[in-house]
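K.L.:
These protein sequences, in sequence, are chains H and Y.
1 is the number of the first residue of the first sequence in the numbering used here; add one for each residue after it.
1001 is the number of the first residue of the second sequence in the numbering used here; add one for each residue after it.
Please see the structure below; I have some questions.
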Amino acid sequence: MNHSAMTMPEAPVVTPDTDERTDTDLTWKVVVWNDPVNLFDYVIWVLMELFGHSKDKAERLTSQIHHEGRAIVNDGPREQAEMDCYRLHRQGLWATLEK
Amino acid sequence: MTLPAGLVDFLEDVPTALDLVGKAEDDPAADRFRVPIYPDDGEANEEYWRWMGTELDESRAADRSAFATVLESAEEGVVVSLGEANGILRVLVEIRLALAARLGVEVEEDYADLDHTDAVVLDTLAELQLLLLQAIGS
Chain H
1 MNHSAMTMPE APVVTPDTDE RTDTDLTWKV VVWNDPVNLF DYVIWVLMEL FGHSKDKAER
61 LTSQIHHEGR AIVNDGPREQ AEMDCYRLHR QGLWATLEK
Chain Y
1001 MTLPAGLVDF LEDVPTALDL VGKAEDDPAA DRFRVPIYPD DGEANEEYWR WMGTELDESR
1061 AADRSAFATV LESAEEGVVV SLGEANGILR VLVEIRLALA ARLGVEVEED YADLDHTDAV
1121 VLDTLAELQL LLLQAIGS
């Protein structure tokens, strides 16, 4: 192979469109929904345990869940949000994700 | 916390009852244990449960096994760690969710239509859950 006769073409430079965002860049919201089974005090405790929320914040979120039907309890990259949902489901709460 | 003997007898059947969730066709409890995390994206939801479903099932099975072990010692008194207490809580929540789903409780108002015995069972499990929460918090 004669390397001196070969010239490598320049690799095209791709500048990502600044409006493009990958899915991993988006912040996903972790939503807990009201359900007729889970106890008020239990939901407060779960939110404190899983997310480190203060008791005040956990109580406000739980009250919102109860009165408005849902509340955003945390947010973050998709992978973290999915893990949050998993942990909430494991504790028996009804949780979903939205962008 | 000392549990009445009758309650222990009832609780001893809980792990087996939970293992049967989803085994019967159209078990409403099965849907409650597989909540769609992406309600508007069936494909993403399927993928999530394909990856996480087994792990969640195994975690639940481990909790039930630990729950059964605790009950075996219930008459003699048993001390559990915080982690074990959380596991017991999760099992209590699961059985309440399963029972409520099968009894058709979809909104809080549905409790008023429950048979007295069914309501007592759900209430007793709720009281036990609250007692455990108080013990964990203290």
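Cβ atoms here follow ideal geometry from the backbone N, Cα and C, with glycine treated the same way.
1. Which residues in chain H sit within 8 Å of Y:E1094, going by Cβ to Cβ distance?
2. For H:V43, which residues in chain Y fall below 8 Å Cβ to Cβ?
3. Got a sec: is the Cβ-Cβ distance from H:H73 to anything in chain Y below 9 Å?
4. Distance cutoff 9 Å, beta carbons only. Does Y:L1020 sit that close to anything in chain H?
5. Looking at the secondary structure, which residues open and close the beta strand (DSSP E) in which H:I102 lies?
6. Kindly list, in the order they appear in chain H, the residues whose Cβ is closer than 7 Å to that of Y:D1110.
7. With distances taken between CB atoms, is the gap from H:I65 to H:V43 smaller than 9 Å?
8. Quick check on Y:V1021: buried or exposed, where buried means 16 or more other Cβ atoms within 10 Å of its Cβ?
9. Opposite Y:V1021 in the DSSP bridges: which residues?
10. Hey, would you say H:D84 sits closer than 9 Å to H:G92, going by beta carbons?
P.N.:
Based on what the coordinates show:
1. G92
2. Those within 8 Å of H:V43 in chain Y number zero; the least Cβ separation is about 10 Å.
3. In the sequence as displayed, the identity of residue 73 of chain H is Val instead of His. No, no contact with chain Y.
4. no
5. There is no way to answer for residue 102 of chain H, as the model of chain H reaches only from 1 to 99.
6. P36
7. yes
8. buried
9. Y:V1021 is not bridged to any residue.
10. no
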